[in-house]
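Sequential numbering from 312 applies to the sequence shown in the working numbering.
We put the CB at the ideal spot given by N, CA and C, even for glycine.
Below you'll find the structure, written out as structure tokens, and then a few comments.
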Amino acid sequence: MLTTGPFAAYHLSGSADRYRADAPAKLLVDGVRRWARAQGRRILHLGGGVGGTADSLLLFKQGFSDRTAPFHTVRVILDPGRYADLTARAGTASPASSGFFPAYRRHRPRAAASPPAVGC
Numbered sequence: 312m313l314t315t316g317p318f319a320a321y322h323l324s325g326s327a328d329r330y331r332a333d334a335p336a337k338l339l340v341d342g343v344r345r346w347a348r349a350q351g352r353r354i355l356h357l358g359g360g361v362g363g364t365a366d367s368l369l370l371f372k373q374g375f376s377d378r379t380a381p382f383h384t385v386r387v388i389l390d391p392g393r394y395a396d397l398t399a400r401a402g403t404a405s406p407a408s409s410g411f412f413p414a415y416r417r418h419r420p421r422a423a424a425s426p427p428a429v430g431c
């Protein structure tokens, strides 16, 4: 959880496939929303889809609110040699051609990109 001023930003969570029917992630997001409100935050930003795409993760997040807000990230490679090695070992394309960053994580299991902003 990242917070500043009236904002709280939710970052990274997930549910194992076998528990999805029980919707633990929905309970977690609601708990985060309640915590953020108790801390005086008025807006909970859930982020977007994987790699900034319109995928099932984004659809899950949009289920909490019909409000959306712009969201931007910075993609910086601090050690180009190491990054190239990791990307080559993973057998993935560069972020410029795949759109995914970091490229070496492209083939890892992924969940569900105009990201929702949820009132607390």
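query: Does F371 come out as helix, strand or coil in the three-state DSSP assignment?; result: helix
query: Between R417, R386, Q350, L339, which lies nearest to T314 when the distance is taken from Cα to Cα?; result: Q350
query: For A327, which of helix, strand or coil comes out of DSSP?; result: coil
query: Between which two residues does the beta strand (DSSP E) carrying T398 extend?; result: First-last for T398: 391-401, but that is the alpha helix (DSSP H), not the beta strand (DSSP E).
query: For a quick check, are the C-beta atoms of P317 and R345 less than 8 Å apart?; result: no
query: Closest to A320 by CA distance: which of F412, V343, P335 is it?; result: V343
query: Taking DSSP as the reference, what is the three-state secondary structure of L446?; result: For the chain, the structure presents residues 312 to 431; residue 446 sits outside this window and is missing.
query: Report the rounded CA-to-CA distance for T384 versus Y330, giving the unit in angstroms.; result: 30 Å
query: Using the DSSP secondary-structure output, state which residues sit across from F411 in a beta bridge.; result: F411 is not bridged to any residue.
query: Taking only the alpha-carbon atoms, compute the straight-line gap between Q373 and Y394 and give it to the nearest angstrom.; result: 33 Å
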